[in-house]
Amino acid sequence: QRERDEFPTLKDFRGLQFKSKDSTIYMNFRFRMQNRLGAYTVDGDNLGIREFDARVRRLRMRVDGYLYSPKFSYTIQLAYTRSDQDFDDTGVANIVRDAVVFYNFTPNFYVAFGLNKLPGNRQRVNSSGQLQFADRSIVNAAMNIDRDFGIKAYYKNNIGTAVYHLKAAITTGEGRVANNTDKGLAYTGRAEILPLGAFTKDGDYSEGDLMREETPKLSMGGGLSKNFETTRSGGQIGYYLYAPVDLTTYFADAIFKYSGWAYQFEYIKRTVDNALTYNDEGDVKYAFNGQGINQQVSYLFKNNYEIAGRYSWLEPGESIQSFQQETEIVELGVTKYLHEHRIKLQLNANYQTKQGVFALDNKGNRWGGVFQVELGI
Amino acid sequence: QRERDEFPTLKDFRGLQFKSKDSTIYMNFRFRMQNRLGAYTVDGDNLGIREFDARVRRLRMRVDGYLYSPKFSYTIQLAYTRSDQDFDDTGVANIVRDAVVFYNFTPNFYVAFGLNKLPGNRQRVNSSGQLQFADRSIVNAAMNIDRDFGIKAYYKNNIGTAVYHLKAAITTGEGRVANNTDKGLAYTGRAEILPLGAFTKDGDYSEGDLMREETPKLSMGGGLSKNFETTRSGGQIGYYLYAPVDLTTYFADAIFKYSGWAYQFEYIKRTVDNALTYNDEGDVKYAFNGQGINQQVSYLFKNNYEIAGRYSWLEPGESIQSFQQETEIVELGVTKYLHEHRIKLQLNANYQTKQGVFALDNKGNRWGGVFQVELGI
Amino acid sequence: QRERDEFPTLKDFRGLQFKSKDSTIYMNFRFRMQNRLGAYTVDGDNLGIREFDARVRRLRMRVDGYLYSPKFSYTIQLAYTRSDQDFDDTGVANIVRDAVVFYNFTPNFYVAFGLNKLPGNRQRVNSSGQLQFADRSIVNAAMNIDRDFGIKAYYKNNIGTAVYHLKAAITTGEGRVANNTDKGLAYTGRAEILPLGAFTKDGDYSEGDLMREETPKLSMGGGLSKNFETTRSGGQIGYYLYAPVDLTTYFADAIFKYSGWAYQFEYIKRTVDNALTYNDEGDVKYAFNGQGINQQVSYLFKNNYEIAGRYSWLEPGESIQSFQQETEIVELGVTKYLHEHRIKLQLNANYQTKQGVFALDNKGNRWGGVFQVELGI
Chain A
44 QRERDEFPTL KDFRGLQFKS KDSTIYMNFR FRMQNRLGAY TVDGDNLGIR EFDARVRRLR
104 MRVDGYLYSP KFSYTIQLAY TRSDQDFDDT GVANIVRDAV VFYNFTPNFY VAFGLNKLPG
164 NRQRVNSSGQ LQFADRSIVN AAMNIDRDFG IKAYYKNNIG TAVYHLKAAI TTGEGRVANN
224 TDKGLAYTGR AEILPLGAFT KDGDYSEGDL MREETPKLSM GGGLSKNFET TRSGGQIGYY
284 LYAPVDLTTY FADAIFKYSG WAYQFEYIKR TVDNALTYND EGDVKYAFNG QGINQQVSYL
344 FKNNYEIAGR YSWLEPGESI QSFQQETEIV ELGVTKYLHE HRIKLQLNAN YQTKQGVFAL
404 DNKGNRWGGV FQVELGI
Chain B
44 QRERDEFPTL KDFRGLQFKS KDSTIYMNFR FRMQNRLGAY TVDGDNLGIR EFDARVRRLR
104 MRVDGYLYSP KFSYTIQLAY TRSDQDFDDT GVANIVRDAV VFYNFTPNFY VAFGLNKLPG
164 NRQRVNSSGQ LQFADRSIVN AAMNIDRDFG IKAYYKNNIG TAVYHLKAAI TTGEGRVANN
224 TDKGLAYTGR AEILPLGAFT KDGDYSEGDL MREETPKLSM GGGLSKNFET TRSGGQIGYY
284 LYAPVDLTTY FADAIFKYSG WAYQFEYIKR TVDNALTYND EGDVKYAFNG QGINQQVSYL
344 FKNNYEIAGR YSWLEPGESI QSFQQETEIV ELGVTKYLHE HRIKLQLNAN YQTKQGVFAL
404 DNKGNRWGGV FQVELGI
Chain C
44 QRERDEFPTL KDFRGLQFKS KDSTIYMNFR FRMQNRLGAY TVDGDNLGIR EFDARVRRLR
104 MRVDGYLYSP KFSYTIQLAY TRSDQDFDDT GVANIVRDAV VFYNFTPNFY VAFGLNKLPG
164 NRQRVNSSGQ LQFADRSIVN AAMNIDRDFG IKAYYKNNIG TAVYHLKAAI TTGEGRVANN
224 TDKGLAYTGR AEILPLGAFT KDGDYSEGDL MREETPKLSM GGGLSKNFET TRSGGQIGYY
284 LYAPVDLTTY FADAIFKYSG WAYQFEYIKR TVDNALTYND EGDVKYAFNG QGINQQVSYL
344 FKNNYEIAGR YSWLEPGESI QSFQQETEIV ELGVTKYLHE HRIKLQLNAN YQTKQGVFAL
404 DNKGNRWGGV FQVELGI
């Protein structure tokens, strides 16, 4: 089993494995480092550098396995870098990303209790170590439902060769930082169907067709999440609002792979009741609402160079259009996979436009580029 | 040796052990996760939910062992969750819980230098992984002396079949967060006697009679700690006061186990010189003083279900009675030990009263419940 | 290879090593703990204690090794204590100290990408686990260039028996805390020559002659670093200034070892354009500039006791002499190496003077002492 961040990797362990002599303790240790050098231009027709994005983007340690019986599995993941800790939004160094225990009733039905990713949009559930661009899309950034503490249930089965997954969660709705929460919880459901059968090595949650599927493979998914009385601008993530709001997020996505080609599609829409919140001085803080589409297509050459293209479109809802503009990004990526997704070199270039105007002199347009090295086990 | 947080577990190692080829490095790795879902009612007769307590309560990594010679042993423990870091009181993410080196003159006499638990009240010195309720008592919460940096000495010996322990410490008195300190240090001493001999597998520092002692076992202990010129409301813990105070804490406790039954008792009393501190605007911050008793009784069934009852009483001192009320809690706990204290499911329900009035409509009374899963090695 | 913090220790691994069955993953795990008890007097002729320095000074975990091919090596180092995280200057718990990947073109030429130490003054590049006093000198504290994110290149070669090293770096200039940076980067270069050949086990980056060199060994080095538009008082470290400044730092150093004797010398000079920065209220924050010299001499006895002396002199630049005074420190150290630098007991005593006046009654003069235990693998 490959990495997807909802689950521990119980089969086909990667990394370093430790087992106690009596086999009651099984632990798999991994780490992942992403070092990045990026730059953004001043605007579309002034190619001077406005800002560098140069840092250890991610440095994570992950331990998963089972204890005393394969029925009790667990995943722990720690994040050590500032931007991986929601620090700038919350003021708290949230080191813990995953801390969850699974009870496996059967190989096809298990329940989780703890902190891990919600079954939201596909690109978010994808591990950041399985991406083909250095970052996820702006659509994901604006509307994903991230991680949350609570109870989750997972079920999968077959109909002939087709595979389907059902996932549901009841969680606090306030994300990683919360110690306690009000009565307003979050409710999430998601279904997936793989009409052409399972992907090789869980490739439905890994970008790019690194397995070079010999027959076409397709996964289609969709779901929704309702988050009641959340105090944060993105529900589980984002800055604190002046008043609680109710969010509803809808997502539909698909991934197709065949013979080195991969195509993925993602649509997310979010509605918010009373998205604008005010304090006593009349200052405003808003919860993002709107909709967006992300599409990516890629081909992996025999030498393990991949070329990928991406087009993302994000439209803010009417109530917040005085704060946010419609944004599009066109991006080109070249990735050299030295050891699948574990060691890779990524070079991305993109052009971002505002208000649907692609002209270089349009206000807010800009060029960007990033070089990223990923190293992990 | 079982876990008690003053010591490394040099014998009967649990967890994953690593040894260098030349046997000069010996390291034992463990982790522990506690995931919790709790709720409190609005008050005693309105059973609506006021607040959920839903989170990764603890996530810790622990490394202990010896280096180059069993005479040099060490314990390191790291805490990754917000509520385990004293963050909300200090603004600092105090990741380090234990970082201490021991020099073992003899197996019965050793000296510690570094950060670890003070030899205070028994329930506090108990590891949080050895508790039979999800939380320690309110008496412990209000007056325990926690961890501190300094020098500690431990001595144990026998008188016939009886065993006794003597422990002493000189420490900074400001707890885990301190980088440096004023002249006012903390001085702690504690003695214990086990008239019926040692508990099976160090059970005097583990709650519940999981070993089902075949003969009665008893430990009685007591001690005191003087903390001079501390700047924090609880000495080593708590928020910062406006002025330093001197604290004295007295503790007496006992634990008895036999044939699946366990009973424990704990009395703590704290006095503070000038407990109320003021800033220039006349705002007040106070150091807790008062006294309290905690008692727990439990029986472990053959199927490793345990039923436990607890009664705690906490009375604030006269000088702070305008800020804090007398509080009592009656609590019932059912615990399923799947692998002793390492994997357990805990379900607790409690009723909290104020001012000694048990009537449901008394102001401040409330019901609470918590379900907790503990998973560790 | 011994530890120097620019590099992973690929040869002569210490610590615990893990290797995957197929030898594609090689990982070396180490940790290091420094516990300290220090005290400073009120002044030169009042030996009352003004302040204790009692804490876990450092607690670090380090993982290094290579992945899939010895050409891809890496170093990760995490710091868990408050004072090791730049917390008090930045408000951020900077846990990551090193996170860097190396591409080894040849054994003599390699390039690093990520966060690690800059090739600055020798005492700083020295690991804190290879020092003979509990702290580095005041000269280093005031003007070292610490760690920074970016690209670094390292080359070494021989001329006959002489060895030389060339090192260069382009980095963000804002240190560990930075997520992104302006156009002003930092440029660093350094050269070293070892005319008498390589030290035993990389002893040129380890203090004290623990290897008891059988023939005299000498390393001389020098370099400079220009840091443009940095926002911090020390470039990569220090508090935030009110306006960006340009720093230039020059360093020259040498170390000599022979038969248990070691002598080291370090000169650092820093110039700053417009060192004083102001906010709108006219408050001032300044970037340190000035110069200083540190010298240390030591002898290691046969029983692995070392006696060491140190003299440090630090002179602030003219523009900041209303804020900082000329400072000298004379220090004596006795160290017992129980297992080389891995387990050692250190006892240091020092006398600090201000304005070049050694009289006990001079304002600002004081005595200090520290006892430190280091334990690591």
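Chains as they are written, first to last, in the working numbering: chain A, 44 to 420; chain B, 44 to 420; chain C, 44 to 420.
For every residue, glycine included, the Cβ atom is placed at its ideal position computed from N, Cα and C.
Checklist line | Secondary structure of isoleucine 119/C, DSSP reduced to three states | finding: strand
Closest Cα partner of glutamine 395/B within the set Leu267/B, Glu369/B, Asn137/B and Leu388/B:
Glu369/B
Going straight from the alpha carbon of isoleucine 188/A to that of aspartate 225/A, what length do you get?
18 Å
| query | Of all the options Glu250/B, Gly376/B and Val220/B, which has the alpha carbon lying nearest to the alpha carbon of histidine 384/B? | reply | Glu250/B
*Residue from Ile119/C, Arg219/C, Leu237/C and Lys199/C with nearest C-alpha to valine 128/C*: Just to set this straight, residue 128/C is glutamine in the shown sequence, not valine. It is Arg219/C.
- Going by Cα to Cα distance, which pick from Phe192/A, Asp252/A and Tyr198/A is closest to alanine 280/A? The sequence given here places isoleucine at residue 280/A; alanine does not occur at that position. The option with the nearest alpha carbon to isoleucine 280/A is Phe192/A.
By alpha-carbon positions, which one of Glu272/A, Tyr83/A and Arg73/A ends up nearest to methionine 104/A? Arg73/A
Beta-carbon spacing of leucine 90/B, tryptophan 410/B below 8 Å: yes
Are at least three pairs of beta-carbons, each pair with one atom in the stretch 306–321 of chain B and one in the stretch 283–291 of chain B, less than 8 Å apart? yes
Are the CB atoms of isoleucine 311/B and alanine 305/B within a distance shorter than 8 Å? no
Considering only C-alpha positions, which residue in the set Val340/C, Gly227/C, Gln367/C and Asn346/C is nearest to glutamine 334/C?
Gln367/C
message = Taking the alpha carbon of lysine 210/A as the reference point, which residue from Arg190/A, Leu228/A and Gly232/A has its own alpha carbon closest?
response = Gly232/A
Could you compute how far the alpha carbon of lysine 397/B sits from the alpha carbon of serine 365/B? 13 Å
Mind listing which residues of the stretch 156–179 of chain B have their C-beta closer than 9 Å to chain C's C-betas, in chain order? Phe156, Gly157 and Leu158
Can you name the residues of chain A whose CB is closer than 7 Å to the CB of histidine 384/B?
Per Cβ cutoff of 7 Å: no residues; histidine 384/B is ~13 Å from chain A at best.
- prompt: Nearest to arginine 313/C by alpha carbon, out of Tyr301/C, Lys300/C, Asn222/C and Ala330/C?
  reply: Ala330/C
Original post:
Smallest Cα separation from arginine 255/A: which of Phe242/A, Tyr248/A and Gly264/A?
Top reply: Phe242/A
Review point. Ordered along the chain, which non-local residues of its own chain (more than five positions away) have a Cβ less than 6 Å from that of threonine 67/A?
Key: Tyr111
(message) Can you tell me whether alanine 234/C sits near the ligand NAP, meaning its C-beta is under 7 Å from at least one heavy atom of the ligand?
(response) This structure simply doesn't include the ligand NAP, nor any ligand for that matter.
* Which term fits lysine 195/C, buried or exposed, when burial requires 16 or more other beta carbons within 10 angstroms of its beta carbon? -> buried
So glycine 278/A and glycine 216/A are supposed to be a Cβ contact under 8 Å. How far apart are they, rounded? 6 Å
Residue ranges of each beta strand (DSSP E) within the stretch 134–212 of chain B, 3 or longer: 139–149, 152–160 and 190–202
Could you tell me if alanine 402/A is buried or exposed, where buried requires 16 or more neighbouring beta carbons within 10 angstroms of its beta carbon? exposed
Is it buried or exposed for glutamate 417/C, if we count other Cβ within 10 angstroms and need 16 for buried? buried
Measuring only the C-alpha atoms, how far is threonine 292/C from asparagine 332/C? 9 Å
| query | Got a sec: is the Cβ-Cβ distance from glutamine 44/A to anything in chain C below 8 Å? | reply | Residue placement at glutamine 44/A is poorly supported in this model, since its pLDDT is 43, which falls under 50; the coordinates still yield a value, given next. Not an interface residue.
Point to revise | Nonlocal neighbours in the same chain, by C-beta distance under 6 Å from tyrosine 117/A, ignoring five residues either side | key: Val144
Problem set entry | is_contact[asparagine 222/C, chain E] using C-beta, thresh 8 Å | Here chain E cannot be found, since the structure's protein chains are A, B and C.
Check: Hey, quick one: how far does the beta strand (DSSP E) through histidine 384/A stretch, first residue to last?
Finding: Note, histidine 384/A: premise wrong, no beta strand (DSSP E); not H, not E.
**Message:** Within 8 Å of any Cβ in chain B, is that where the Cβ of leucine 102/A sits?
**Reply:** no
**Study point:** Where the stretch 102–130 of chain B meets chain A: residues whose CB sits under 7 Å from a CB there
**Key:** Leu102, Tyr123, Thr124, Arg125, Ser126 and Phe130
Helix, strand or coil for glutamine 44/B? Go by DSSP, reduced to three states. Since pLDDT at glutamine 44/B reaches only 43, below the 50 mark, its modelled position is unreliable, and the value read off the structure follows with that caveat. Note: glutamine 44/B maps to coil in three-state DSSP.
Report task. Identify every residue that forms a DSSP beta bridge with serine 268/B. Result -> Thr231/B and Thr292/B
Next on the checklist: Given this structure, state the Cα-to-Cα distance separating asparagine 164/A from lysine 387/B, to the nearest angstrom.
Outcome noted: 34 Å
What does the Cβ neighbour count give for glutamate 494/A, buried or exposed, with the cut at 16 atoms within 10 Å? No answer is possible for residue 494/A: the residues shown for chain A start at 44 and end at 420.
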